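Peer 1: The UniProt record's numbering numbers the first residue of the sequence shown as 1 and each following residue consecutively.
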Amino acid sequence: MIYIVLEEKRKMSKKIVIVGGVAGGASTATRLRRLSEEYEIIMFEKGPYPSFANCGLPYHIGNIIPERESLIVQTPEKFKSRFQIDVRTLSEVIAVNTKEKKVQVRIQNGKLYEESYDVLVLSPGAKAWKAEIEGIHSHNIFSLKTIPDMDKIIAKLKNKVCKRVAIIGGGFIGIEAAENIKHLGIETILIEAGDHILSSFDSEFSENLEEEMREQGVELYLKQRVVKFQDGKELSLFLENGEIVEVDFVIMAMGVRPDTAFLKNSGITLGKRGEILVNEYLETNIQDVYALGDAIPGVALAGPANRQGRIVANNIFGKREKYCGSIGSSIIKVFDIVGAAAGKNEKQLKVEGIEYETVHLYPNSHAGYYPNATQLHAKILFEKESGILLGAQCIGYEGVDKFIDVMATSMHFKGTIYDLSELELCYAPPFGSAKSPVNMAGFIGRNIEDHLMETVSKEEMEDFNIQKHFRLDLRNPEESSVALAECEASIPLDELRDHLEELPKEKEIWCYCAVGLRGYLATRILMQHGFRVKNILGGYRLLPKDWKIENSKEETSNIEKKEEETLYQKKEMEILNVTGLSCPGPLMKLKSKMESMEEGKDLHIIASDPAFANDVQAWVKASGNHLYEVKKEKGFVHAYLSKKESGLVHSSDTKVMETKEGMTIVVFSGDYDKAMAAFVIANGALAMGKRVTMFFTFWGLSILKKENPIAVKKSFIDCLFSVCLPKSWKNLPLSKMNFGGLGAKMMQVIMKRKNIESLDSLIQNAKENGVHIIACTMSMDAMGIVKEELLDGIDFGGVAQYLGAANEGNPNLFI
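(1) If I follow the unbroken beta strand (DSSP E) through Arg-106, where does it start and stop?
(2) Applying the criterion that 16 or more other CB atoms from any shown protein chain within 10 Å of the CB defines a buried residue, is His-626 buried or exposed?
(3) So, helix, strand or coil for Arg-532, using DSSP?
(4) Between Ala-291 and Ile-276, which are expected to be in contact by the criterion C-beta below 8 angstroms, what is the C-beta distance as a whole number of angstroms?
(5) In the DSSP output, what is Val-245 paired with across the bridge?
(6) Per the contact definition of three or more C-beta pairs closer than 8 angstroms, is the region 441 to 452 in contact with the region 380 to 392?
(7) Could you give the residue range of the alpha helix (DSSP H) that holds Asn-208?
(8) With Glu-422 as the anchor, note down where its alpha helix (DSSP H) starts and where it stops.
(9) Give the DSSP bridge partners of Ile-141, in chain order.
(10) Closest by CA to Lys-458, which one among Cys-487, Gly-804, Leu-542 and Ala-428?
(11) Sorted by chain position, which residues of the same chain lie with C-beta nearer than 6 angstroms to Pro-429's C-beta, five sequence neighbours on each side aside?
(12) Within 8 angstroms, do at least three Cβ pairs link the region 186 to 195 to the region 235 to 249?
(13) Quick check on DSSP: helix, strand or coil for His-196?
(14) Tell me which residues share the same chain as Phe-796 and place their Cβ nearer than 6 angstroms to its Cβ, disregarding the 5 neighbours each side in the sequence.
(15) So, for Ser-728: in the same chain, excluding its five sequence neighbours on each side, which residues have a beta-carbon less than 7 angstroms away from its beta-carbon?
(16) Do you know how far the Cα of Ala-302 is from the Cα of residue 870?
(17) Excluding the 5 residues flanking Gly-700 on each side, which residues of the same chain have their C-beta closer than 7 angstroms to its C-beta?
(18) What's the C-alpha gap between Ser-13 and Val-278?
(19) Using a Cβ distance threshold of 8 angstroms, determine whether the region 531 to 542 contacts the region 509 to 519, with at least three qualifying pairs required.
(20) Would you decide whether Asn-63 is buried or exposed? Buried here means 16 or more other CB atoms lie within 10 Å of its CB.
(21) Under 8 angstroms between the Cβ atoms of Thr-664 and Ala-805?
(22) Looking at the secondary structure, which residues open and close the alpha helix (DSSP H) in which Thr-30 lies?
(23) On the criterion of 16 or more Cβ atoms from any shown chain inside 10 Å, does Val-250 qualify as buried, or is it exposed?
(24) Between which two residues does the alpha helix (DSSP H) containing Tyr-427 stretch?
(25) I need the straight-line Cα distance from Asn-159 to Asp-248, nearest angstrom please.
(26) Using DSSP bridges, identify the partner residues of Cys-511.
(27) Is the CB-CB distance between Ile-141 and Ile-175 below 8 angstroms?
(28) Using the Cβ count rule (16 or more neighbours within 10 Å means buried), how would you classify Val-438?
(29) What separation, rounded to the nearest whole angstrom, lies between the Cα atoms of Ile-167 and Leu-500?
(30) Apply the 10 Å Cβ neighbour rule to Gly-318 and answer buried if 16 or more other Cβ atoms are within range, or exposed otherwise.
(31) Which class does His-60 belong to by DSSP, given the choice of helix, strand or coil?
(32) Name the one or two DSSP bridge partners that Asn-577 has.
(33) Could you please give the first and the last residue of the uninterrupted beta strand (DSSP E) stretch that includes Asp-795?
(34) Excluding the five sequence neighbours on either side, which residues of its own chain have a C-beta within less than 8 angstroms of the C-beta of Glu-488, listed in chain order?
(35) Within 10 Å of its beta-carbon, does Thr-98 have 16 or more other beta-carbons around it, so buried, or fewer, so exposed?
(36) Between which two residues does the beta strand (DSSP E) carrying Met-43 extend?
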């Protein structure tokens, strides 16, 4: 019995050496002490701080965290007094001898010594990576990984009046550094080599976060690399595109690499990037050697490192506990917006060849009827067939962390899209909705899995084919008029059943609304009436950019704007709070309110729908009212308006008419030479910066005919018209010297020889460069011409649409 007790005590009195502190190493050391008082624990840290909050470094630079000491979690003295752990700072382990179980240590004065161990724990972390760029070793280039790194940046800011700083790298540290440098009032530039910042997000989320950074005054250079640094009066950054950017200093945030060079001859297996390879118990290939944290494969985050430290300590103590990996849950504040993600994104799933479905939704952060609800944009990815959750992303102003935390928990337990719909989450109006965003994601996912709805993917939208697909806009006129988009038909959802006969059953109908809910309702209606139909989840917001028709934005000078702000801010304004409402709710409420207000009265409207910032500007311009200012603050859109008095013309309205940016052309003729003239003028006007609308009526419709249209059924009279009219632009006659078509052919040959653009080329250029081409539907009916015979990508309308454009334009031509 005495022998057994002594043997157990011998086992418990192991000497454990830990290389590296901060999250992983410190967690291992303290957990080991809680498990056993018998262990001799030595922790080496090459820096002066064995345990500090490195995630807080950018926020101390920006004075958000004012006290430097609050970043220091534990000191060597506290480790000793509370845990009896021997912490040796400014002591760098430079080699490991696994055969003799020794480490070689270099201390601050340069002296070397060896320390033996029974068990070795490697938590060396990662070091900031610097690419091999000419001039990279300039004294004006800094990293941000440790407290001393932070101190150097703060000293630079204090010792020199800094006006301009560049951050290189659009990851978490780069974004946080940019935000905090900007918070100090310094002009801030961020340079990112990739297409977008924050690669853990898919592009539609990164783009929103980029927009927030631009609105806050950060200058973004995307898809740009620095090829050279050059010191001078300022530090010059030479970019790949030839541009030169001059700044006071640079913060490098290009990512990290495992800090494992000291293990080169140790016999411990390393990966291609220097990462320490471990098994599921976090053991290396060498017995009694464990590794964890940023130096092993996986995500470089504090949360996983802390959990790994606990597992390593448990396994040293004698348990056999597995590390199940990380799903990469992360969150970031980008000025006023919050972004969070867990699991894999679409880019990763495509690389891995995993088949998946996507859910987009835009729920409120809490009940819409409770004041100041803001909108979230959430995305869930789940495996086809099984419904297993694969990833989630969310951005917004409130409740983002709650949403992703629930998703991460569900993913940890291998939850499915079905499980989300069954989760019982706490609810009261100030905190959530009876149908929580998580439940709603589950409901939408189940609709897809149960084949109640098919969705249109981004790839499908890129391959849109007018011969196969039919885009149906289900928004109300108030919405679609201020956020125009390409479509083959625009029918408000509530009127859909009255127009079913107008929709083609031979094509696949793609429904879209503002965010996707009405698209789903329309999908169910159409499917039950025998149509092939899919819904564009995310609605207008996620349509391809080339489908959207941008409204022009009128600019006023800063002086005029400042004077106007001073005037309206002194007025008493009625307040209309429409937070919690999604489009078209805010516009409808605004319209109703303005109709009931007296002329000349002012209104301050507050909305949480981010699209309202653009919508209200377009609506005011169309309605003839007056807009003082639109601004965004912490997720809310504030618009200040005045109801226009009868007969009163505001200065800004006068400016709109005086700019003469618009131009309209009525094309009545079907002659080749006149068609050429019309499109030459249209393309020239575009080059002069004008907005051009071309209205084709009667004989002019022949110009828009396809060369090889699909066969369509027509009445006898309509067929006669088809025989008499030119088949396409190639068959148009000349107005003079036509000679039975020979003159037109001669003209085309001469133009080709003299390198003059053809009519076909002019039409294509006009379409690509934004000419708004309208075919008169009344003339089409009269002449027996149907939409399928005319060119793709044009609009169909009547005289009111033309007159609306003519009212904003100057000149107006008739050809």
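C-beta: ideal position from N, C-alpha, C; glycine also. Since we're looking at a predicted model, the values are computed, not measured.
Peer 2: To lay it out plainly:
(1) For the purposes of this step, residue 106 is taken as residue 106 along the sequence shown, with counting starting at 1. Here the beta strand (DSSP E) through Arg-106 covers 102 to 106.
(2) What you label residue 626 is simply residue 626 of the sequence shown in a count that begins at 1. Looking at its Cβ environment, which holds 16 or more other Cβ atoms inside 10 Å, His-626 is buried.
(3) Mapped onto the sequence shown, residue 532 falls at position 532. Residue state for Arg-532 is assigned as coil, using DSSP reduced to three classes.
(4) Within the sequence shown, numbered from 1, the residue matching residue 291 stands at position 291. Within the sequence shown, numbered from 1, the residue matching residue 276 stands at position 276. Rounded to whole angstroms, the Cβ separation of Ala-291 and Ile-276 is 4 angstroms, and the two are in contact under 8 angstroms.
(5) Residue numbering aside, residue 245 sits at position 245 when the sequence shown is read from its first letter. Looking at the DSSP output, Val-245 shares a beta bridge with Leu-237.
(6) Yes: the two stretches touch, three or more of their Cβ pairs being nearer than 8 angstroms.
(7) Here residue 208 refers to the residue found at position 208 when the sequence shown is read from its first residue. In the DSSP annotation of this structure, the continuous segment of the alpha helix (DSSP H) that includes Asn-208 starts and ends at 203 to 215.
(8) Within the sequence shown, the letter at position 422 stands for residue 422. From DSSP, the alpha helix (DSSP H) with Glu-422 extends over 417 to 422.
(9) Walking along the sequence shown from the start, residue 141 turns up at place 141. Under the DSSP definition of a beta bridge, Ile-141 partners with Val-250.
(10) Taking the sequence shown and counting its residues from 1, one reaches residue 458 at position 458. That would be Leu-542, whose Cα lies nearest to the Cα of Lys-458.
(11) Start at 1 with the first residue of the sequence shown, and residue 429 comes out as number 429. Cβ neighbours of Pro-429 beyond the five flanking positions: Ala-367 and Tyr-370.
(12) Segments in contact, yes.
(13) Your numbering for residue 196 matches position 196 in the sequence shown. DSSP places His-196 in coil when its eight states are reduced to three.
(14) For the purposes of this step, residue 796 is taken as the residue at position 796 of the sequence shown. Scanning its chain for C-beta atoms nearer than 6 angstroms, with the 5 sequence neighbours on each side dropped, one finds around Phe-796 the residues Ala-775 and Thr-777, in chain order.
(15) For the purposes of this step, residue 728 is taken as the residue at position 728 of the sequence shown. Cβ neighbours of Ser-728 beyond the five flanking positions: Lys-705, Lys-706 and Glu-707.
(16) Past the boundaries of the shown model lies residue 870; the chain is included only from 1 to 815, so the question cannot be answered.
(17) Sequence index remark: in the sequence shown, residue 700 carries index 700 (1-based). Within the same chain, Cβ atoms closer than 7 angstroms to the Cβ of Gly-700 are found at Val-667, Phe-668, Ser-669 and Gly-670, the five residues on either side in sequence being excluded.
(18) Indexing the sequence shown from 1 puts residue 13 at position 13. Indexing the sequence shown from 1 puts residue 278 at position 278. Ser-13 and Val-278: Cα-Cα distance of roughly 25 angstroms.
(19) A contact exists between the region 531 to 542 and the region 509 to 519.
(20) Mapped onto the sequence shown, residue 63 falls at position 63. Classification for Asn-63: exposed.
(21) Residue 664 sits at position 664 when you count from the first residue of the sequence shown. Residue 805 sits at position 805 when you count from the first residue of the sequence shown. Between Thr-664 and Ala-805, the C-beta gap is smaller than 8 angstroms, which places the two residues in contact.
(22) One-based indexing of the sequence shown puts residue 30 at position 30. Start and end: 24 to 35.
(23) Residue 250 sits at position 250 when you count from the first residue of the sequence shown. Looking at its Cβ environment, which holds 16 or more other Cβ atoms inside 10 Å, Val-250 is buried.
(24) Within the sequence shown, the letter at position 427 stands for residue 427. Annotation: Tyr-427 is outside any alpha helix (DSSP H) and is labelled neither H nor E by DSSP.
(25) As a working note, residue 159 is residue 159 in the sequence shown. As a working note, residue 248 is residue 248 in the sequence shown. The C-alpha of Asp-248 is placed about 12 angstroms away from the C-alpha of Asn-159.
(26) Position 511 of the sequence shown, counted from the start, is the residue given in the question as residue 511. Under DSSP, Cys-511 forms a beta bridge with Leu-472 and Asn-535.
(27) For this step, residue 141 is matched to residue 141 along the sequence shown. For this step, residue 175 is matched to residue 175 along the sequence shown. Contact: no.
(28) For the purposes of this step, residue 438 is taken as residue 438 along the sequence shown, with counting starting at 1. Buried: at least 16 other Cβ atoms inside 10 Å.
(29) Translated into the one-based positions of the sequence shown, residue 167 becomes position 167. Translated into the one-based positions of the sequence shown, residue 500 becomes position 500. Roughly 55 angstroms between the two C-alpha positions.
(30) Position 318 of the sequence shown, counting from 1, holds the residue named residue 318. Around the beta-carbon of Gly-318, fewer than 16 other beta-carbon atoms lie within 10 Å, marking it exposed.
(31) Counting from one through the sequence shown, the residue named residue 60 turns up at place 60. Reduced to three states, the DSSP call for His-60 is helix.
(32) Against the sequence shown, residue 577 aligns to sequence position 577. Paired residues: Ile-606.
(33) For the purposes of this step, residue 795 is taken as residue 795 along the sequence shown, with counting starting at 1. That run of the beta strand (DSSP E) goes 795 to 797.
(34) Residue numbering aside, residue 488 sits at position 488 when the sequence shown is read from its first letter. Within the same chain, Cβ atoms closer than 8 angstroms to the Cβ of Glu-488 are found at Ile-466, Phe-470, Arg-471, Leu-472 and Lys-787, the five residues on either side in sequence being excluded.
(35) Translated into the one-based positions of the sequence shown, residue 98 becomes position 98. When all chains shown are included, Thr-98 counts as buried.
(36) As a position in the sequence shown, residue 43 is number 43, starting the count at 1. 40 to 45 is the span of the beta strand (DSSP E), which, as asked, contains Met-43.
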